[in-house]
Structures are given as structure tokens and as C-alpha cells.
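Structure first, commentary second.
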Amino acid sequence: MQASIEIPADAQLKYLLRLGDACLILGQRLGEWCGHAPVLEEDIALANMALDLIGQARGVLTLAGSRCAPRVDEDQLAFLRDERDYLNPTLAELPRGDFAFTVLRNLMLATWLKLLWQRLQRSSDAELAGIAAKALKEARYHQQHAADWLVRLGDGTEASRRRVEAALATLWPYAAELFEADAVDAAAVQSGLGPAWSELREPWRAEIDAVFAEVSLAAPADSRFRSAGRLGVHSEHMGYILAEMQSLQRSYPGGRW
Amino acid sequence: MSAAAAAAPDRRAQAWAVLATVPDPEVPAISLCELGIVRKVLDHGTSLEVVLTPTYSGCPATEVIERSVVEAIGAAGLGPARVSLQRAPAWTTDWISADGKRKLREAGIAPPGPVADAAVPMRFVGRRAEAVPCPRCGSAHTERLSAFGATACKALWRCLDCREPFEHFKPL
């Protein structure tokens, strides 16, 4: 079996992995809908968004790999890390749930990524700024798509409304992690690599509330629960998704299509 | 000036002419040049470098495009060539040439309108997106079926007058 790679403890690298892993893991979750979405158009839409996210992850992970010594490539980072070395927020790794769950999570994460990419366009790292300028345009489409569907489901039938409300109750506590500040953020702000996530809290909440207002959804009260995927401490679901993603590269090192 | 240096601009111009004949693999109605993804052709003396800007981050056609560029330049006797990718500034559908847009329409794909940059306000169900004229009958009486289509760059629409479905190249 192919052994795991070592990830240096470097704040700038962690900042990039948090971003790249959020795209990678959400992309993998959305890809699971391929062949399973409620209608063909949504099957195509979710697969398209998965493709955008995996493309964004490739760019960010390639950049992250260039900061490792010895240098590693996007595939090594995607497939040969241990669970603790993946730094996506936990929200991204939760199982895909039903369509309402997927739509609401997409709204939460696409809005967050959009705000992040907007600011990363001014990153001191020219490569990251270039990736952000491209990804921003894609994230806008993802946010619009999710907002459209949330309104449709929220104003739809009793069953769709019930599912949206159930998804909101489950997902909302995981949002807090998206705005936590720590030393990794501080280092990124210091070097100009990117913004502190905490800076996104208010604009994120304003955009989410605007969508919720369309369908009279109220955000639940904040809880004291804090997920910690960005610190490498994941939910029980992470091991399963990594097993599925990694089994081929672990069993057949360097295997290619 | 050496003979090779004097010939250099010509070789680049020839390469541009070759690239103008290489179709986009997913939208073969238009060439890579018309799509606006060829940024530069650099002559390094023994080889050519073609600088491309990818359309979408996850566009699966990127690798096919790289291969077809290298093959086309090689087949024209201008090679060897290599491709490099330049992300910034990000590709926009505003870079699709006027000819490219006309060819898209002729192929039944509604071309993108100008990109409204910066903060595009969110629109919700019930608030109609801006009408895209039908590429077949020209009617503005159309509706969007899905923001995502068979390729990352297109959306699905249909014409309510001639009843034909069509694809719309999304402004990006």
C-alpha cells in the first residue's frame, strides 16, 4: 500500500489546504449525485458544480504542494494524506443527505467561498489571486443556483418545506466554524495571503438572510457547538469519504486512467 | 540580425494562423482563437510556446486542447511546441470574437451577451432572468430550463415561439 505523505506544519500551507480541501471535499460530495439527482437537469448541474470545485481544488492544491519540501503535486495531496492532514471545514464533509440538504449546504458554502474568492483576488500571492478571479465567477453561479432552489423548495410543498427546515436545523451549527479566527488566519493576514475567515461573518450572514427572507426562513439561534475540520479534527464521516477517494491510489500507487 | 531572428515574427504569425483552424473540442463550431483563450505565442528559437487561458477551473477539455495545439503546430511543421497556462487575467466570454459569436448562433447556440461584472445581484424564482434571443427564430420569448448544461460553459434554454430547445453560452 502507498504510504501517506508528510505535511509540514506551516501556517501559510494550512491556510491553502483549508481552502483547497473545502473545494475538494465538497466537489466529491456533489459528484456523488451523478446519476442520482431528482431530475436530469439537476444531475447535470450538480456534476458541473462538482467539476468547478475540483478544478478550483486542483489549482489551490498545486499551489500548496509547491510550498511543501520536498514539493508534492495535487494528486499526492488529494489522495495520499492522512485524515488529520485534511483541513476542510466539517460542513463540506457531511454526507450529501437529501436534495434540500445539498441545496442548503451549497448555498452556505458557495456564499462563503464567493466572499473568500472576492478577497483572495487581492492576495499577495499572484497565483492564488489568479485562481480566485476565475473561481469567483463560478462561485456566483453556484450561489445563484442554490438560492433559486432554496426559494423553490421553501415555497414549494409541505414536504419540501419540511425537508428544508430539517436541513437547516442540522446544518446551521456547522456554519460557526466558517468564521473562526486562529493563528493560521492571523499569519495569512500578516503576509497578505488572504483574509481572516472571521471577516466574512457579517457579509455572509447578510446574504444568507436575504435568501431566507424570500421564504420566511429564520436562522436558528447560535449554539455552542463548534466543529473543527479546519484543525484536522473531523466528523465520523470523513474516514469513509477518504476511503472511497483514496482506495485506488493507495492500492495501485501512481495508477492512471 | 540573423536569418532566424528575421524569420521569427513570421513563424509566430503562422502559428496563429494554425491555431485559428483548431476547433474547441466541446464547441467545435468555433476555433480556439475565436474562443479567445490563446493569449500569446512566444518563439523560443528551437520551439514555440503557446500561452492559453483556461475557460473554467474544472474544464475537462483543457488537456485535450493542450494536446490538439501541440499536434496542430507540429503537423504544420512549426514545432516542437509546448503549452503553458496563464490564469490571470481570468478568461471572460467578452473575449469571444464577433466572428465566434456569429458562428455560435449559426450552430444553434445563443452567444453570451456582455458580462455584467462585479456584484451580480441574486435573482430568485419568479424574477425572470434577462431574455436570451432564440438562435433559430430570433424570438425573445424564451425561458431558461437550467443554468447548467452539457458543458460547463453552457445553460439550457427553450424558445416558447418555435418550441425548439437551445443552448446558451453563459456570460462569464
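Protein chains in written order, with the numbering used here: chain A, 1 to 257; chain B, 258 to 429. Just so it is clear, CB atoms sit at the ideal spot from N, CA and C, and this is done for glycine as well. Note that the structure is predicted; figures quoted are calculated from it, not measured.
Query	Result
Which of helix, strand or coil DSSP assigns to Arg393 (chain B)	coil
Closest residue to Leu429 (chain B) among B:Ser288, B:Ser314, B:Ala270, B:Trp273 (Cα-Cα distance)	B:Ser314
Ala262 (chain B) - DSSP class collapsed to helix/strand/coil	At Ala262 (chain B), the pLDDT of 49 sits below 50, so the modelled position is not reliable; the number obtained from the coordinates is stated separately. Reduced to three states, the DSSP call for Ala262 (chain B) is helix.
Under 9 Å from the C-beta of Tyr252 (chain A): neighbouring residues of chain B	By Cβ distance, chain B contributes nothing, its closest Cβ being about 21 Å from Tyr252 (chain A), past 9 Å.
Contact set between Tyr240 (chain A) and chain B, taken where Cβ atoms lie within less than 7 Å	In chain order: nothing, as chain B lies at least about 24 Å away.
Beta carbon of Leu109 (chain A) nearer than 9 Å to that of Leu217 (chain A)	no
Buried/exposed call for Cys316 (chain B), threshold 16 Cβ in 10 Å	buried
Buried or exposed by the 16-neighbour rule on C-beta atoms within 10 Å, applied to Pro368 (chain B)	buried
Residues near Ala260 (chain B) by beta carbon distance below 7 Å, same chain, minus five either side	Residue placement at Ala260 (chain B) is poorly supported in this model, since its pLDDT is 48, which falls under 50; the coordinates still yield a value, given next. Closer than 7 Å at the Cβ level, and outside the excluded window around Ala260 (chain B), lies no residue.
C-beta neighbour in chain B for Ile7 (chain A), strict 9 Å	no
Any 3 or more C-beta pairs closer than 8 Å across the region 114-133 of chain A and the region 329-345 of chain B	yes
C-beta contact flag for Ala50 (chain A) and Cys34 (chain A) at 9 Å	yes
Backbone secondary structure at Phe405 (chain B) - three-state DSSP	coil
C-beta atoms of Arg438 (chain B) and Leu305 (chain B) nearer than 9 Å	Any answer about residue 438 (chain B) is impossible in this case: the structure gives chain B only from 258 up to 429.
Beta-carbon proximity list for Val321 (chain B), same chain, < 7 Å, skipping 5 on both sides	Pro282
Environment of Ser227 (chain A) [buried if 16+ CB atoms lie within 10 Å]	buried
Among A:Arg84, A:Ser223, A:Ala100, the one whose alpha carbon lies nearest that of His234 (chain A)	A:Arg84
Beta-carbon separation (whole angstroms), Gln76 (chain A) vs Met245 (chain A), contact threshold 8 Å	Actually they do not touch by this definition, with Cβ atoms about 13 Å apart.
Asp52 (chain A) burial status per 10 Å Cβ neighbour count (16 or more: buried)	buried
Check whether Glu199 (chain A) and Arg119 (chain A) have beta carbons under 9 Å apart	yes
Residue-level contact to chain A via CB, Pro346 (chain B), 9 Å cutoff	yes
Leu248 (chain A) burial status per 10 Å Cβ neighbour count (16 or more: buried)	exposed
Arg230 (chain A), enclosing alpha helix (DSSP H) - first and last residue	Per DSSP, Arg230 (chain A) belongs to no alpha helix (DSSP H) and is neither H nor E.
CB contact check: Phe231 (chain B) to chain A, cutoff 9 Å	No answer is possible for residue 231 (chain B): the residues shown for chain B start at 258 and end at 429.
Interface partners of Gln56 (chain A) on chain B, CB under 8 Å	Ser314, Gly315
Buried or exposed by the 16-neighbour rule on C-beta atoms within 10 Å, applied to His425 (chain B)	buried
Spatial neighbours of Pro38 (chain A) in its chain, beta-carbon cut-off 8 Å, leaving aside the 5 residues before and after	Phe99
Opening and closing residue of the beta strand (DSSP E) in which Pro422 (chain B) lies	422-426
Interface residues of the region 95-117 of chain A facing chain B [CB-CB below 9 Å]	none
Pro8 (chain A), buried or exposed, once every other Cβ within 10 Å from all chains shown has been counted against 16	exposed
Close Cβ partners of Ala409 (chain B) (< 6 Å) along its chain, the five nearest in sequence each way excluded	Tyr313, Cys316
Leu107 (chain A) classed as buried or exposed, judged by whether at least 16 other C-beta atoms fall within 10 angstroms	buried
Proximity winner among B:Val307, B:Val284, B:Cys391, B:Thr303, relative to Leu276 (chain B) (alpha-carbon distances)	B:Val307
Spatial neighbours of Ala364 (chain B) in its chain, beta-carbon cut-off 7 Å, leaving aside the 5 residues before and after	Ala286
Beta-carbon proximity list for Ala262 (chain B), same chain, < 6 Å, skipping 5 on both sides	Because the pLDDT of Ala262 (chain B) is 49, which lies under 50, any placement of that residue in the model is unreliable, and the number read from its coordinates should be weighed accordingly. Same-chain partners within the cutoff: there are none.
Helix, strand or coil at Asp148 (chain A) [DSSP, three-state]	helix
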